[in-house]
Structures are given as structure tokens and as C-alpha cells.
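Residue numbers (our numbering), protein chains in the order written: chain A, 3 to 501; chain B, 1161 to 1441; chain C, 683 to 1077.
From the three backbone atoms N, C-alpha and C, an ideal C-beta is built for every residue, glycine too.
Read through the structure below, which is laid out as C-alpha cells, and then see the notes.
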Amino acid sequence: MHAIERILVWLSLQVASLEQINAFFGSAQNTAIVLGALIALSGGMLGSFLLLRGMALTSDAISHTVLLGIVVAFMIMGAVGAIPDISSPWLLIGAAAAGVSTVVLTELLNSSGLLKQDAALGLVFPLLFALAVIFISRYVEDVHIDEDAVMVGEIGIAWANTNSHAFGDYETLVIDQNDPQAEISRRCVNCREEGISPRDPGAVFEELCTNCGEYSPAEAYRAGFSDEPPVLVFWPRSITVMLVLFLLTLGFVLLFFKELKLSTFDPGLARSLGFRPTLLLYVLMSLVSLVAVGAFEAVGSILVIGFFIIPAATAYLVTDHLGVMILLSGIIGSLSSAWGYQLARGRFLGLNLDRLVPGGWDTSISASIVVMMTMIFLATLMASPRYGLISGILRRYRRRREFNDQVILGHIYHHSGQEDQRSELEAGSLRVHVQWEQPVLDRVIQRIRSRGLVEIDEEGCFCLTEEGRKEVESFWQSGLARKAPPPRKRGQIRVSTRD
Amino acid sequence: MSPETRRQSDILIHETAADFDPVLSANDLTVAYDAKPAIWDIDLQVPPGVLMGIVGPNGAGKSTFIKAALNLLPRAGGSILFFGKPYSQVRNRVGYVPQRDSVDWDFPTTVLDVVTMGLYHSLGWIRRPGRRERDLAMTALEQVKLQDFAGRQISQLSGGQQQRTFLARALVQDADLYFMDEPFAAVDALTESAILAILQELRTRGKTVVVVHHDLQTVADYFDWVALLNVSLVASGPVSEVFTDELIELTYGGRVNSLNPGSGGGVGAASSDSAPHGASL
Amino acid sequence: MMGSEAQAGISDRNVWIITGIAILILLLSLPLAVLFGVRFTYTLQTVTLGGALLGAVSGTVGSFAVLRKQSLLGDALSHAALPGVGIAFLVAGRQLWALLAGAAIAGLIGVWFINLVTRNTRIKQDTAMGIVLTGWFALGIGILAFIQQRPDASQAGLDSFIFGQAAAMVRSDLYTLAGVGAALILVIALAWKEFKLITFDPDFAAANGFPIRFITGLLLALLVMTVVLGLQLAGVVLMVGLLIAPGVAARQWTNKLGQMVVLAGVIGAASGGAGAVASALDRDLPTGPLIIVFAALFVLISIFFAPGRGMLWVWNLRRRNRTEHAADNVLKFVIEYGRSHNDPNKPVSSEFLEGVLGSSARRGIRELLLSGRLSADEDGYRLTPGETRDLPEGG
């Protein structure tokens, strides 16, 4: 991890100065927002696929189980004397394995046929979560993990947990005996044994360097070897972890986009083309677990589900293209993390919420990010032009109106020229046939008459005009009523039962 | 709205022109799923005492028709009357056999218990089924020859036995009109003839049975009345007169006889995706 | 679906076995706990009774959730209740009835929202539940965090709604639990046949004129009430386990709905009581998670050992079937062999049998020797004199 982090720091030094980087990550706000955005970007990519596969709640199960993995890993680390470190790759992998095993366990339970899928999920993750909570309260003490952290994480203090990296003219300063700055002292080697004074001509001396060795820039500055203050980059550790996971996810999705897409929409075809959809699924699940572990420290084990599901669901309400959906969910997630941070600090839509409450507005950052995601979802749910509630209601209303016209037109078409034409189409009795409320029927009739589709003939019956007939037939042929014969009543045989 | 059409306080009664007193009469019935018609302006009269098959391609609205009749689906227009009355007034005279795979057969209950469910409605709230209900259910089970299976858990039944259990649940209601949704689907030949025998027995007792059916080859043998349905009603009447090659072709979009495509004409371009088995018809 | 043979082991006796186990666990936990130094203080008595009561209610109500495949709805509900707790606290202060009412209202809004989204958009139910679960939960966490940084200290104990905190339970909570729980169970008893019918076959119920929306709404209300009752003890995350586990465990022992529901109540009560007692073993042990562990233990026992449905039972049956099959093949072969050599008593060597019938022959031979249908000597195997010479049926 350290080497990767160094590369990341080096890369960012290419685009920004050291002071800029330190100033940027020195702010709790920037670090939290970047971290939140990274989680949201990775979660959005994976969540889109989960959602489309109908496995949204699998992320729920995985994120709960991952906690057990983390706790057990901590306990093992504690037992072997290592310092528990949440960014250790071993912990990441171990906890992720625990996550994947939930999926396997659920599948196993499910395949036994003894209980249904939902019950299997509803059993496995509360149990594993319960075990994790028991272990936390019983065995894990003085470690960086408590019940609060499990719930909401500590994204607000991620900035304080840094590694420092030195970059400058040199990485380490080596002082050897030949160095002009070396402090050389001489020591008599045989004085004590032979009982002679150092001034004695027989005394043998060796040269000893008292300050030789390797110095980090900070040490060199303190020791006075270097006049320049040390050049250090303070880099938040969680950023590295999440950035690596994000790049991993991005690489996987970019490389296997075609395969993922196919195996999401048509696993059968994917298998027949040799794409190994099951393998892909398990890689996907592993990545979900890894992201859940990586995000654990920042947002806890429950709120992370929101990062997987909500932005992806929001994007799903807007677009039909998988690529766009993934991109949008990333954008929505990143915006939420920025706005969510503001919300937690009492600023929302330019309002200052601090004044609303005595003692000031201050609440959980990670929870506020998820609340923000939910709000964006709600807004999209209302206003999405294609799949939103309002447009849906309007569309349904419009379609119902058009459909109502078609019901009446079809009825007239159907019975025109039949022997029952008089009784079925008489203007006053239409309501008996369609069984609608009178006002609704009146509106429909008024509408189709004003469109010139229907007339009332001299017998007081409705009949279709030429346009009206065309309208009915085009409605039938436009695919709305596919597979149907022409609606003109043909061969309607009404014979007495008893002949 | 003429006053004589208004018999009940709020229900408009539709006069029908049939020359029999229909047990079931659908008038200008339209049912739609989100403005997409599944059934389109159907006029259908069923005479008493017939064994009727509803036949048509997949997606023709056969099950939709039954569900709309039983108020399980909203109607976009039109009405359905049973014995001249709306369904809510004559529930006790109508029995229903849903599709077998519409329930979870791993439900913890016994065969006798499922049959007793047919009597729950007549019991009203809170009252539990007692000895009388159990006896009635046993009688119904004897009719379908499942009396030895009364105490068995329903998941241990074969497909045919499950179907007969559902049949018994409808029989126990002692209705005058029965709706059955695909009772012959995925049962063995023996069960099929057993079920048919029960249906024929019902007919001899003067009951009317309406069956959604998908096997064209057996229609003529099983039923004496048939309705050909493909979103709109193509034809309905006695089997001998309605179940003709021309009308079947029309129903299935002219795809039944491949030698003579499209002879049914019309919008037949919208081809049926389920060419029926009886290609020789 | 199980074969009929596989379920032959299910009988009413099963129910008594598992009821016995449950009661035994509950009863044993008391002296065992004393042995390990637990003192049955007033608090512990309250918590144990409370756990048992809650387990009984949630097992009973949860059974219907299991059968209606709505297990995860319970999860969404319990998470969604959290903001209700927070808002109720802000409005009415720390009054139990207000907190419970707030939780119930928030939960119902969550369910309503899930239905709204599922019915009117392309989003599927599992996604909608996930959104409500996290969205509402985040709101709740936010509100609780907000309450906690307020200067007054009255918010103590609100945390307990997240993980559950048994120690916060007092005698009057117990009365609430008992009263409301009894009411819930009474509703189930009264509307028994309606609940049964709509759970099994809602279409048939609707066709028969049962008010489906009202009955499902009633069941949902029971579920919400149960979740709300359990929040304080089990917490929002674990409540779903307490709802689901007893029902799933009970289902394995019986094929009758009535027995299943009562049994789920008994198992729930045993888990609740035993979990509460076990948590007193050490100061650091949390009650809610321990109750869940006990409930899961019952599930584990059930899916392995329940006669008729349990995995061991099914495996054993499968093994027996294989053995029978192998024995039949051997017998058939020996008879055929005798016939073709015109000597019914001609012995067959085991190598020959294995060569022809494969390695399963050995299993068949052992079975036949054990049941005395085949006898062995140095020449090989032959039929025992009394054994029928007809070919066995089947195969």
C-alpha cells in the first residue's frame, strides 16, 4: 500500500504543488468530500449492475457481513501482536472474502429448498451482524472500532489520519565520514587495556563518526544539515485505499463492459458465447465487498448501502443507457457527498440552518450525504421527464384519455353495419354499454365529435366518419392491439342452444 | 340514459339480445393494462348448462377475461352480468379455479384445509370452519377421488392431484357457474380424463362451466360451446358451428394452416407467436 | 419440492419434540446461568421476561411475513422507523408511547413509499426497499446525532434503538409489551382464516369477495407494531432476524399453519429468554445480538435435524434410496446369471459383480447380505434358499 501511495502522491505532485496538496487535504471538508465522492463513484458503478440484476439487497447483506470480517481480522491481528490497521491489504481481502461468502451462504440455504430467497437473506446477515456486534463489545477493546463507527463511520476525521511522504531534492540524506558535515571524534583503542594516556605516543586511535547515517528530510532539517525546511506531503490514508479500489473497479468495468452488460441482460446468451457470467458475478461481488470494506472506516457498514443503491436508482429513473446510467450515478453520488457535507455543517441551498437551532446545527456527515442522495432521488422521482411520477401521471392521464376515445370509437366501429346496430349505437343508450360515469362519457363524445371522427345519423345513432374509421384501424395496426384480428365483428354467431 | 335501463339504484343493467337466458353475459367489455387493450369490446353470452371452452393464442386475454369477470381486474368499459346481476350480488353462485402455479404449494397446509377454504366466505368474519364444513369438504374430495389424501401436505401432491384439489375447493362452494383457468395445463392423461369426467358430471347437473383451454385438438371432444378469443371476440357459439377452420385461422392470425397463409386476411400480419399444436386443422 | 417420501417423517410428534427442545433450552438456561454466577436481579428478570414476550410476538407475526415472502420488508420497516423515533423525541420528549408512535408512523410512510415507487416507476421492489432502508435510516442517524450534540442530557438511551439495549427496559415497558403483544396475537386469532387464505391464495380470496386490501393492510399493521415493539430490545438492524428466524425454524417441523405459528411463538420466546439470560453472563455482552444468535441456532438445528424436511433426513433418505437401488441391481443380476447358466444357485464372484455393475455393487451386496437375501461362501455369492426367484420390480 505504501508504494502505491507514493506513486499517487508523486502523480498528484505533477499537477499541483506540494503546498496546494497539503492545504487541500489539510481541510476536513475537502478530504471528506473527495472520499465520499470516491466511494460514491465506485459504488455507483457496481450498484448500477446490482440494480439491473435485481440484486440490490445483496449489497445490504454483504455490507453487514463485511463487518464480521473486519472484526475477526482485528481480533486475529490483535492476537498475533500486529497493530490493527484498516487499510492493510490483508484485512481488505479477508473481509471481502467474508462478504462474498455471504452470497455463497445465502445461495446454499436457498438451494436447500427449505426456505425462500428473501428469508435466507433475512437470516444470514442479521446473524453475522449480531456476531460482529457481540465480538466488538466483548473482545475488541481500545481499538479504533466502536458501535458509533459501525453505524456512521468517521469520514469527518479522515483528514487527520495521514501518512507523510517526503519529496524534494533528495529523499534521504546520507552522511558518511567523508562528508564535510560529519562530526568525527577520535578514540583511543588501546589506552584502557595498556593503561596508557591518550597522549602517550604508543596510543592507537580510530576515527569515529558520531552523526553518520541516513536522515529523512525532516531529521536532516532538525539536525541542521539542511537549511531548507523539509518538503512533506501529508496524504490521508483512506484516500489511498478508496482511490485504489475506485481504479480497480473502473478498470474492471471498462475492460469487461461488454461482457458485464451482456451477462446482466441475458446471462443465457452470455454463457453460450463463452463469457462465464457466473465468474463475472463473483468478481462483481468481490468488488462490492472490497468497496464495502474500504468505505467502512469512512461511512460505517450500513450507510454504504445507500452509496451502492440510491445514486444508481436515481440515474435509472433518467436514462435507458447503461453507460450513461453509470456516469450519472457517479455524478449524483459526488454531488451528494459535496452537498451532504454542507448539510451536515448546517448549510443547505444557501440557507444557514445554524440559526434555526440553539446551539448550532451539527450532525453526522455520512448520514447527511445519504440523506442528500435520498433528496436527489426524491426530486428525480418527482420530476424525471421519462420515468418520474409527475410525467407518469400526466402520461397516464393522456393515454387514458386517448384510450377512452378509442374505446368509444372501437365500440361504434365494432357494431356498425351489424344487426344490433340500432340498440348498441343509439346516442342515448351508449352509457349502458360502456358503463362509465356520465360526465366522462360526455367529455369523450364531445371530444371525438369535435375531432370530426363521429357523427349522429338521422336515426339518432352514432356512426363513424371516414377519418374515424381510419383512426380505429390505425390504432389497431399501430401495434397497440397486436396479434388481433380486425375488430370488425365477423362470424359472431348467435344461435339458440336448444335446437 | 333511459329510465328503464336503470333497474338497481346505481347499476345499469344491459339488455341482451340473445334468445336464451344467459348465465353469463359480457357486454362491450374492454379491459386494458395501462391503456393497452387486453380485451377489446367483447359481447359474449353463455347459455346455462354448457361446458364452454375459451380458446385463443397466448396473450389473447383468456385469463384476463376470467379475472375481469371476477372483479380481480378493473374494467376499462362495459359490464359483465351473472344471472342478470352484477358479480358482487351472486358471489355464492360462482366458483373459481385459478391457475395451478398461481400459489406456492410449499405452504404449510393440508389438502382438506385447502378445500375448506372454499367455504370461508360463507362463514363470515371470525367464525371458524367446524364439523359441517369438514364434512362438506370431504364430500367434495370424494368427488375428485382424493379422499385418501385429505390429511396430506399439499406439496406432496402430484400436479394432477393439486389441480384436483383446486377443483374440489370450487366444487365445495356448490356454485351454478364455474370458471376454470387452464385446468388441463401440465397434467397427465389420466388426470385429464378424470377432470373432464367431473366437468361433464357438473354439466349433467345443470351447472355451467367456463374453461380456459389451450389445446386445439381436444376442443371438439371436450366442449359443446366455444368462444374464440384474440383480444376481441372472433366468434362464440356451439362447437359444431363456431369451431371451423376459417374462424380458427382468423383467431390465430392465419398461421394455423401454413399452406394457406393469411387467408383469414385482415391485420393478420400481426402474427401469433404461438402457433397452435393442431397444425393440421 | 420434496418428494412425498421425504416428508413422510413430518408428523405432529415433531412439534412436541421441538417444543420440548425450546422449553428445555429456556429452562436449562436458568440453572446454568446461576452456575456461571449470574444473579437474577430485578433488571434481569425484567429483561428476560421482555425478551421472551417479544420473541413470542415477533415469532407469531413474523411467520406470516415469512410465508408471504416479505422477510426483507421487516428489515426495511425497522430501519425506516428510526427517524420517527428521533422526530418524536424532538416533539414529545422521552415518552415511550410517543417514540413508538413516531416509529410506527415513519415505518408506515416507508412502506407507502416503497409501494408508490414500485407501482409507478420502473424501479423494482428490492431497490425501493434498499432506498427506504438506507435513506430513512440515514435521516434517523442524522436526527439522533443532532439530538446528541444538544446540551441537555435527556437523550440518554436513544442510541438503544439502533442496537437495542435491554438494560433500558423497565417494568412498565414490560406491561406495554405484554398488552400490545396480546392484542396483536388476539387479532391473528380472530382473523385467522382470512390471514391464512390471503397468504395462500390472494386471487381466490379476492374472487370470493374478501376485502384484500383491508386484510393485507391489517397484516402489515401487525408487522409494523411488532417491529416497533422490538426496536428497543433488538434494535433496528437485528429486528428482522427476530421476525424471520422463528418462523423459518418452525416451518421445518410441521406442515400445518396453526402449528407453525404457535411453534414460531414458542421458539421466539425461548430465543428471547435464553438470549437475555446469556447476556447477563458478562457485563459486555449485548442482549439483542445474543437473542439473534439463539434464534439462528434454532434455525440451524431445524434445517439440519428436523425429521422429514431437514437436510440430514433428506441426505439419509437419498443414501438409502441409492443402497436399495444398488441391492436391486445386484439381486437382478444374480438371478439373471443363474438363469442364463441354467443353475439358479450358481455363485457369482464379487469381482465379477463389481466389474459389471460398477463400484456401487459392493454397497448393494452389503445390504443384501445384511438383510439375508444373499449368502456368501468362498465361491462367491448366491441367493439364500428361501429368497424369491422372481425379478424384483422396477429398474
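{"Item": "In chain A, what lies closer than 7 Å to residue 1345 of chain B by C-beta?", "Value": "Here the premise fails: no neighbours, minimum Cβ distance about 20 Å."}
{"Item": "For chain B, check one thing: does any of its Cβ atoms lie closer than 9 Å to the Cβ of residue 409 of chain A?", "Value": "yes"}
{"Item": "Find the nearest neighbour of residue 324 of chain A within the set A:473, A:137, A:256, judged by alpha-carbon distance.", "Value": "A:256"}
{"Item": "So which residues on chain C does residue 399 of chain A lean against when the C-beta distance must stay under 8 Å?", "Value": "Those within 8 Å of residue 399 of chain A in chain C number zero; the least Cβ separation is about 13 Å."}
{"Item": "What did DSSP end up calling residue 1420 of chain B once you bin it into helix, strand or coil?", "Value": "Low confidence applies here, because residue 1420 of chain B scores a pLDDT of 34, under 50, leaving its location unreliable; read the following figure in that light. Reduced to three states, the DSSP call for residue 1420 of chain B is coil."}
{"Item": "Does the distance from the C-beta atom of residue 436 of chain A to that of residue 1188 of chain B stay below 9 Å?", "Value": "yes"}
{"Item": "Taking contact to mean 3 or more Cβ pairs, one atom from each stretch, closer than 8 Å, check whether the region 1247-1264 of chain B and the region 846-854 of chain C are in contact.", "Value": "no"}
{"Item": "For residue 989 of chain C, which three-state DSSP category applies?", "Value": "coil"}
{"Item": "Out of A:369, A:450, A:282, which one is the CA nearest neighbour of residue 300 of chain A?", "Value": "A:369"}
{"Item": "Between residue 972 of chain C and residue 723 of chain C, what straight-line distance do the alpha-carbon atoms span, to the nearest angstrom?", "Value": "19 Å"}
{"Item": "My assumption, with CB atoms under 8 Å, is that residue 1192 of chain B sits in contact with residue 1198 of chain B. Please give the rounded CB distance.", "Value": "6 Å"}
{"Item": "Considering only the beta carbon of each residue, do residue 313 of chain A and residue 49 of chain A sit closer than 9 Å?", "Value": "yes"}
{"Item": "Is the separation between the beta-carbon of residue 764 of chain C and that of residue 859 of chain C shorter than 9 Å?", "Value": "no"}
{"Item": "Where does residue 1415 of chain B fall in DSSP's three states?", "Value": "Residue placement at residue 1415 of chain B is flagged as unreliable, the pLDDT there being 44, under the threshold of 50; the coordinate-derived value follows with that caveat. Residue 1415 of chain B: coil per DSSP, three-state reduction."}
{"Item": "CA-CA distance, residue 1387 of chain B and residue 1401 of chain B?", "Value": "11 Å"}
{"Item": "Taking residue 797 of chain C as the reference, which of C:814, C:894, C:935, C:785 has the closest Cα?", "Value": "C:814"}
{"Item": "With burial defined as no fewer than 16 other Cβ atoms inside 10 Å of the residue's Cβ, what is the status of residue 381 of chain A: buried or exposed?", "Value": "exposed"}
{"Item": "Determine whether the beta carbon atoms of residue 733 of chain C and residue 953 of chain C lie at a separation below 9 Å.", "Value": "yes"}
{"Item": "Mind pulling the chain C residues with CB within less than 9 Å of residue 267 of chain A?", "Value": "Those within 9 Å of residue 267 of chain A in chain C number zero; the least Cβ separation is about 14 Å."}
{"Item": "What residues from the region 431-443 of chain A come within 8 Å of chain B, judged by C-beta to C-beta, listed N to C?", "Value": "431, 433, 434, 435, 436, 437, 438, 440"}
{"Item": "Taking only runs that begin and end inside the region 922-1005 of chain C, name each unbroken alpha helix (DSSP H) of 4 or more residues, in chain order.", "Value": "939-961, 969-987"}
{"Item": "Mapping DSSP to helix, strand and coil, what is residue 438 of chain A?", "Value": "coil"}
{"Item": "In chain A, which residues lie with their C-beta within 9 Å of the C-beta of residue 1238 of chain B?", "Value": "409, 413, 435, 436, 437"}
{"Item": "How about residue 459 of chain A: is its Cβ closer than 8 Å to a heavy atom in the ligand ZN?", "Value": "The ligand ZN is absent from the structure shown, which contains no ligands of any kind."}
{"Item": "Can the beta-carbon of residue 262 of chain A be found closer than 9 Å to that of residue 292 of chain A?", "Value": "no"}
{"Item": "Along the alpha helix (DSSP H) that carries residue 248 of chain A, what are the first and last residues, could you check?", "Value": "239-257"}
{"Item": "Please list, in chain order, the chain B residues whose beta carbon lies closer than 8 Å to that of residue 883 of chain C.", "Value": "1258, 1262, 1263, 1277"}
{"Item": "Answer with buried or exposed for residue 1027 of chain C, where buried requires no fewer than 16 other C-beta atoms within 10 angstroms of its C-beta.", "Value": "exposed"}
{"Item": "Please list, in chain order, all residues of the same chain as residue 1251 of chain B whose beta carbon is under 6 Å from its beta carbon, the five residues on each side excluded.", "Value": "none"}
{"Item": "Keeping to the same chain, check which residues put their C-beta closer than 6 Å to that of residue 297 of chain A; ignore five residues upstream and five downstream.", "Value": "41, 306"}
{"Item": "Can you give me, in chain order, the residues of the region 1179-1196 of chain B that have a beta carbon less than 8 Å from any beta carbon in chain A?", "Value": "1179, 1180, 1187, 1188, 1190, 1192, 1194, 1195, 1196"}
{"Item": "Applying the 10 Å Cβ sphere with the 16-neighbour rule, what's the burial state of residue 1437 of chain B?", "Value": "Confidence in residue 1437 of chain B is poor, its pLDDT being 38 and thus under 50, which makes the residue's placement unreliable; the coordinate value appears in the next sentence. Counting Cβ neighbours within 10 Å, residue 1437 of chain B comes out exposed, since fewer than 16 surround it."}
{"Item": "Please determine if the region 1003-1016 of chain C and the region 937-954 of chain C are in contact, where contact requires at least 3 C-beta pairs separated by less than 8 Å.", "Value": "no"}
{"Item": "Looking at C-beta atoms only, is the number of pairs between the region 1290-1303 of chain B and the region 1237-1251 of chain B that lie closer than 8 Å three or more?", "Value": "no"}
{"Item": "What did DSSP end up calling residue 1340 of chain B once you bin it into helix, strand or coil?", "Value": "strand"}
{"Item": "Is residue 798 of chain C close to chain B? Criterion is C-beta to C-beta, closer than 9 Å.", "Value": "no"}
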